[in-house]
Ligand code: FEO
């Protein structure tokens, strides 16, 4: 794809990673690929905002050189140092060693550690600092922990344009760059998955940052993140969605994730689904080893309850559930009702360990864990149904 003009004199010069299926190592599933958005602002002085992952430096260079020789770049703004945006930095700086690099103190420290670029010309910036490049004044807004401590955004008032970096992104490679050119249901689904897996741990900071930006009363009609589509038709839609997810606004919905050895825990899970459903709760049931965790975390964002089940295995959980919980606890979903269940043979263990992890993530364990030996009898399945029903009532009361 060629460079794309998003505002007069402002160009997208990023790259699409159509084939990427795992982001941040093995963690985040990206069935629709990823894009790395970099932007070139052509003014009296020329500015590149962010770059791309190292393998895509050639593609970015080609786009830049279709507009100007890269040697003409005066300023490089590093809104975020994570290698998906800064990977091209060393190769790029070999071609523009005299360009001034604008970034936060944390970003400078990380750039030096990642890329040993001591010889370059750094300008450390903070919220309120402004860079004049001719007709435009670029305003820097620190956005710590959205997604790393070094993050910041760049606002261009003359273009009513917020270059928001990771915030408001989606992991999505699309041949159409703008919101109004895409299926927005699909874009917002990807945006929610991205929020859940990348930014949910920082929800309180995110709310504060959005409120701070709202108080700045920025005259803005476009948000261009560093991943996914650019919001030009309705930038308010993604801001409203973020506030809803970060708050979070809960639905009468329960997510059940389980793993089973001889189907006893599976039977318990299905009876619990029936009990929850009897209270008009939307339920999604996932068997851990055949489910995509990235998508489950997205579903958890607005679900009031999370129920986890496992057979006892070696006095603990089945490893797929341990792995799931390790990631879930790290994502820090807030204000959840939690519950644990599972079958055991001659010794218990799984349910207590699941409960301990759920307490770590701050879940409100509204029912004692439900444990059944060997295989559930008809009466025990009825108890599972009642267990789901009781949790369903509590969801109804709290939403
Ligand atoms: Fe897209 Fe935190 O990097």
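Residue numbers (the working numbering): 27 to 425.
Glycine is no exception: its CB is placed at the ideal position from the N, C-alpha and C atoms.
Asked, Found
"Kindly indicate which residue of 219, 358, 86, 372 has the alpha-carbon position closest to the one of residue 387.", "358"
"Given a cut-off of 8 Å on the beta-carbon distance, is the pair residue 376 and residue 339 in contact?", "yes"
"Using a Cβ-Cβ cutoff of less than 6 Å, which residues in the same chain neighbour residue 58 once the five nearest sequence positions on both sides are dropped?", "198"
"Consult DSSP for residue 55 and reduce its assignment to one of helix, strand or coil.", "strand"
"Is residue 368 helix, strand or coil when you go by DSSP?", "strand"
"With C-beta atoms as the reference, is residue 282 less than 8 Å away from residue 167?", "no"
"Is the segment 82 to 97 in contact with the segment 49 to 57, if contact means three or more CB pairs nearer than 8 Å?", "no"
"Give the DSSP-derived three-state secondary structure of residue 271 in the structure shown.", "helix"
"Which runs of the alpha helix (DSSP H) spanning at least 4 residues fall entirely within the segment 293 to 368, listed in chain order?", "319 to 326, 345 to 357"
"Please state if the CB of residue 221 and the CB of residue 174 are separated by a distance shorter than 8 Å.", "no"
"Out of curiosity, what's the CA-to-CA distance linking residue 291 and residue 422?", "25 Å"
"What does a CB cutoff of less than 8 Å around residue 39 pick up in its chain, not counting 5 residues either side in sequence?", "29, 64, 65, 66, 74, 86, 89, 90, 93"
"With a floor of 4 residues, list each alpha helix (DSSP H) that falls wholly inside the segment 368 to 418, ordered by position along the chain.", "376 to 386"
"Taking the alpha carbon of residue 81 as the point to measure from, which residue in 70, 56, 297, 113 has its own alpha carbon closest?", "113"
"Using the rule of at least 16 other Cβ atoms within 10 Å of the residue's Cβ for burial, across every protein chain shown, is residue 330 buried or exposed?", "buried"
"Taking the beta strand (DSSP E) that residue 115 falls in, what are its first and last residues?", "Element bounds for residue 115: not the beta strand (DSSP E) but the alpha helix (DSSP H), 115 to 121."
"In chain order, what residues place their C-beta within less than 7 Å of a heavy atom belonging to the ligand ADP?", "With respect to the ligand ADP, the structure shown offers nothing to examine, as its ligands consist of the ligand FEO."
"Starting from the C-beta of residue 392, find all residues in its chain whose C-beta is less than 6 Å away, skip the five residues before and the five after it, and write them out in chain order.", "363, 420"
"Is it the case that the Cβ atoms of residue 259 and residue 206 are separated by a distance below 8 Å?", "yes"
"Just grab the DSSP bridge partners of residue 129 for me.", "150"
"Within this structure, are the beta carbons of residue 314 and residue 257 separated by less than 8 Å?", "no"
"Quick check: the Cα distance between residue 378 and residue 286, rounded to an integer number of angstroms?", "16 Å"
"Check whether the segment 236 to 255 touches the segment 177 to 190, taking contact to mean three or more Cβ pairs, one atom from each stretch, closer than 8 Å.", "yes"
"At 3 residues or longer, and completely inside the segment 231 to 272: list those beta strand (DSSP E) runs for me, N to C.", "248 to 251"
"Give me the Cβ distance between residue 129 and residue 150, rounded to the nearest whole Å; I'm assuming they're in contact under 8 Å.", "7 Å"
"Have a look at 343, 335, 354 and flag the residue whose alpha-carbon is nearest the alpha-carbon of residue 321.", "354"
"Over the uninterrupted beta strand (DSSP E) stretch that includes residue 67, give me the two end residues.", "65 to 67"
"Would you call the CB atoms of residue 202 and residue 61 closer than 8 Å?", "no"
"Under 8 Å between the Cβ atoms of residue 143 and residue 305?", "no"
"By the 10 Å Cβ neighbour count, where 16 or more other Cβ atoms means buried, how is residue 27 classified, buried or exposed?", "exposed"
"At what residues does the beta strand (DSSP E) containing residue 188 begin and finish?", "187 to 191"
"Take residue 250 as the anchor and find which of 204, 289, 138 has the nearest alpha-carbon.", "204"
"Please work out which residues of its chain come closer than 6 Å, Cβ to Cβ, to residue 312, disregarding the five sequence neighbours upstream and downstream, and give them in chain order.", "283, 322"
"Work out the CA separation of residue 229 and residue 135 for me, nearest whole Å.", "25 Å"
"Please name the residue or residues paired with residue 181 in a DSSP beta bridge.", "165, 188"
"Can you check which of these residues, 264, 72, 368, 208, is closest to residue 295 by C-alpha distance?", "368"
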